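Take a look at the structure below.
In my numbering, the protein residues as written are 256 to 549.
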């Protein structure tokens, strides 16, 4: 059964990191510039009540929640949103409280900020708040949106650690269970600028049923009815491992390079569509399917 709700996952803004980097919170006020590219506007226009929708900004992943929350509130309100709240859940007790669950149930949109996705899942995973978000996404016109850590945590499995430069050495990336809003995909963020293609390759070769999604900066995916549409100014990389012919993965030791034969890679840009059911990419501005001249 397809979820009624919608996902909008964002790769993050330039120089605003996640995972194991130490500088992701520096100059955050200058880095929340992707709302100008239309991604945050997309969240508002796709939400149930548009500018009147109740938006909860979840800052749990961040080490500076007051600054990050205030910047997102300012950005949403700049775009006309009238009911933007900041929800900083510090621990599992809060995530199980009646007050927090009530706010989740009242929300039309939740927006998970960047930071550390392992912090996000370890605090929220399996709580009443988490259950409320999953149920609303399955059954209601509801939006889960997340940038950086919030995007990486949206899938059933997530990458939480791993060097970009050594990502194709066996065992160099670490994965764990995410928040579980979408199955059979794994998401990496800040993808193009930080050269994380190898991390996604290893995640996919470990289980080729998993579709790898790499989100560049200022770039997101709008996911509804099993169709992903690229939004924003940058690139989305899709890695499909179903047609892998050969690999040395199980015959090498930890730390040794991985070989992969016949890995499929797609590149999406704004308004391109990818069907998760058929695994087919449609390029919106294809040179082979020009708009007929009238």
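All C-beta atoms, glycine included, are put in the ideal place defined by N, C-alpha and C.
Since the structure is predicted, the reported quantities are computational estimates derived from the model, not experimental observations.
Burial state of residue i, where buried means 16 or more other Cβ atoms lie within 10 Å
{"i": "residue 391", "result": "buried"}
{"i": "residue 490", "result": "buried"}
{"i": "residue 354", "result": "exposed"}
{"i": "residue 318", "result": "exposed"}
{"i": "residue 472", "result": "buried"}
{"i": "residue 372", "result": "buried"}
{"i": "residue 385", "result": "buried"}
{"i": "residue 407", "result": "buried"}
{"i": "residue 541", "result": "exposed"}
{"i": "residue 256", "result": "exposed"}
{"i": "residue 267", "result": "buried"}
{"i": "residue 361", "result": "exposed"}
{"i": "residue 457", "result": "buried"}
{"i": "residue 290", "result": "At residue 290 the pLDDT is 49, less than 50, meaning the model places this residue with poor confidence and gives no usable figure here."}
{"i": "residue 348", "result": "exposed"}
{"i": "residue 510", "result": "exposed"}
{"i": "residue 454", "result": "buried"}
{"i": "residue 501", "result": "exposed"}
{"i": "residue 438", "result": "exposed"}
{"i": "residue 505", "result": "exposed"}
DSSP three-state assignment for residue i, whether helix, strand or coil
{"i": "residue 328", "result": "helix"}
{"i": "residue 538", "result": "coil"}
{"i": "residue 429", "result": "strand"}
{"i": "residue 467", "result": "strand"}
{"i": "residue 505", "result": "helix"}
{"i": "residue 472", "result": "coil"}
{"i": "residue 319", "result": "coil"}
{"i": "residue 437", "result": "strand"}
8 Å contact criterion, which residue i and residue j should meet: CB distance rounded
{"i": "residue 487", "j": "residue 293", "result": "7 Å"}
{"i": "residue 339", "j": "residue 310", "result": "5 Å"}
{"i": "residue 398", "j": "residue 263", "result": "6 Å"}
{"i": "residue 429", "j": "residue 513", "result": "In fact, because the Cβ distance is near 15 Å, the residues do not count as touching under 8 Å."}
{"i": "residue 496", "j": "residue 518", "result": "6 Å"}
{"i": "residue 440", "j": "residue 366", "result": "About 20 Å; that fails the 8 Å criterion."}
{"i": "residue 405", "j": "residue 369", "result": "7 Å"}
{"i": "residue 550", "j": "residue 400", "result": "Only positions 256 to 549 of the chain appear in the structure, and residue 550 is not among them; the question remains open."}
{"i": "residue 494", "j": "residue 520", "result": "6 Å"}
{"i": "residue 484", "j": "residue 544", "result": "At roughly 17 Å, the Cβ-Cβ gap does not stay under 8 Å, so residue 484 and residue 544 are not in contact."}
{"i": "residue 315", "j": "residue 375", "result": "5 Å"}
DSSP bridge partner residues for residue i (one or two, in chain order)
{"i": "residue 388", "result": "Looking at the DSSP assignment, residue 388 forms no beta bridge with any residue, so it has no partner."}
{"i": "residue 483", "result": "478 and 529"}
{"i": "residue 400", "result": "263 and 366"}
{"i": "residue 512", "result": "424"}
{"i": "residue 302", "result": "Note: residue 302 sits in no beta bridge, so no partner."}
{"i": "residue 256", "result": "Residue 256 pairs with nothing; no bridge assigned."}
{"i": "residue 488", "result": "For residue 488, which the question treats as bridged, DSSP gives no partner whatsoever."}
{"i": "residue 412", "result": "432"}
Residue i - containing beta strand (DSSP E), residue span
{"i": "residue 376", "result": "Taken as a continuous stretch (DSSP letters only), residue 376 belongs to no beta strand (DSSP E), being part of the alpha helix (DSSP H) at 372 to 379."}
{"i": "residue 338", "result": "338 to 342"}
{"i": "residue 313", "result": "309 to 313"}
{"i": "residue 492", "result": "491 to 495"}
{"i": "residue 382", "result": "From DSSP, residue 382 is part of no beta strand (DSSP E); its letter is neither H nor E."}
{"i": "residue 441", "result": "440 to 443"}
Range covered by the alpha helix (DSSP H) that runs through residue i
{"i": "residue 348", "result": "347 to 350"}
{"i": "residue 353", "result": "353 to 361"}
{"i": "residue 452", "result": "452 to 461"}
Residue i beta carbon near the ligand ADP (any heavy atom closer than 6 Å)
{"i": "residue 261", "result": "Ligands are entirely absent from the displayed structure, and the ligand ADP is therefore not among its contents."}
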